[in-house]
Amino acid sequence: MTNGQVVYAASPEAAAAAARAAQEWVDAGSVPIIEASSTGASPTVVIEVSRDPTVGIAEYTSGSDVAPARIRVNLDDLSVQELVSVLAHELGHALGLVHSEDPSALMNPGGQPQGGPQAADVAALQQACTSGPKTPDVSEQQTWGACGRTSPEDKAVRTFARAPINTPGHAMVEGTSTLYCGNLKNGYRHIADGHEGDWQGIDRRYNWRDNADHSIEVALQHPMTVCYAETNGTFVVGYLLFEKNLRNGGQLTGKTLWANIIIDGGGGKIITAYPSSAPRGCT
């Protein structure tokens, strides 16, 4: 799984089981997972399979900032449905869930039900989910520099930390991406002119800049989708935002938006940023 994208490098049978396990979480309505055979972002979860009668059925090893989490599954003596259930259980750990004491739960360590995530699993995921709602936490938003009528185009508005970006044939090392005042075609002035209303619509309790700031920051540090546009030499970075119902204990509503951040493939400056119902592609 790569920030919501599942990447397979195993036998067709194991890959199909992993796809079914991921789909069970999608069908539960608790988290959208995008399947992919390859991705531009660095993997956050790697699924490994083997056949060894001397080891256990499965194990999950959490990752770090520099290494992906790993799910290791022993295919020995597992039926297809059992493999799907085991993978779904381990994917639950990858989504942040711990073992459940509910005997009917998929996350119960005593055995996995052959029906995917149960009500207890969905409730636990809604409680544990910290992926970022459409309504951002703006308590620590950074102040953006002012862009007056006479401010130069190269005046820095805000500099964001950026994770490494990798796509086939193109890459950027870890660094920073800066939003400059710019003009009506790129930078802050372009975003304010063309997308202020889009960002404001995420949550009208906050200034549109606060909504944009949180989304740009999390997208550049934890990209879910990345592609490279050959036509203009830019990277398109996407991040999925989850809406939470603040009147109902912060539970997920099922509604989502994508934050799309376009950065220059040379220096990394931010060209534009806007939310949309689907991730922007590079074709």
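In the working numbering, the protein residues as written are 1 to 283.
Cβ coordinates follow ideal geometry from the N, Cα and C atoms, glycine included.
Reference residue i, options the options, closest by Cα
i: residue 19; options: 59, 61, 86; result: 86
i: residue 121; options: 24, 76, 147; result: 24
i: residue 267; options: 162, 143, 201, 89; result: 162
i: residue 116; options: 17, 258, 21; result: 21
i: residue 26; options: 195, 272, 95; result: 95
i: residue 282; options: 155, 165, 232; result: 232
i: residue 214; options: 166, 175, 173, 258; result: 258
i: residue 278; options: 217, 263, 241; result: 241
i: residue 83; options: 14, 230, 191; result: 14
i: residue 60; options: 71, 75, 170; result: 71
i: residue 153; options: 104, 191, 181, 106; result: 181
i: residue 17; options: 88, 207, 57, 58; result: 88
i: residue 144; options: 216, 104, 69; result: 216
i: residue 226; options: 196, 192, 167; result: 167
i: residue 69; options: 56, 77, 93, 57; result: 93
i: residue 150; options: 183, 107, 169; result: 183
i: residue 106; options: 204, 28, 208, 230; result: 28
i: residue 169; options: 175, 204, 230; result: 230
Check whether residue i and residue j have beta carbons under 9 Å apart
i: residue 73; j: residue 48; result: yes
i: residue 177; j: residue 255; result: no
i: residue 91; j: residue 45; result: yes
i: residue 125; j: residue 158; result: no
i: residue 275; j: residue 198; result: yes
i: residue 261; j: residue 228; result: no
i: residue 212; j: residue 273; result: yes
i: residue 194; j: residue 235; result: no
i: residue 165; j: residue 156; result: no
i: residue 75; j: residue 50; result: yes
i: residue 237; j: residue 202; result: no
Start and end residues, beta strand (DSSP E) containing residue i
i: residue 276; result: 270–276
i: residue 70; result: 69–74
i: residue 58; result: 58–61
Residue i: first and last residue of the uninterrupted alpha helix (DSSP H) it sits in
i: residue 179; result: From DSSP, residue 179 is part of no alpha helix (DSSP H) but of the beta strand (DSSP E) over 175–180.
i: residue 226; result: Segment 225–229 is the beta strand (DSSP E) holding residue 226; no alpha helix (DSSP H) there.
i: residue 50; result: Element bounds for residue 50: not the alpha helix (DSSP H) but the beta strand (DSSP E), 45–50.
i: residue 85; result: 80–94
i: residue 20; result: 12–27
Check: residue i C-beta below 8 Å from any heavy atom of the ligand MG
i: residue 92; result: By its list of ligands, the structure shown contains no ligand whatsoever, and the ligand MG lies outside what it can speak to.
Review point. Hey, is the region 218–233 in contact with the region 179–199, meaning 3+ C-beta pairs nearer than 8 Å?
Key: no
Practice item. Give, in chain order, every unbroken run of the alpha helix (DSSP H) that is at least 4 residues long and sits entirely within the region 141–215. Key: Within the region 141–215, the complete alpha helix (DSSP H) segments of 4 residues or longer fall at 187–200, listed in chain order.
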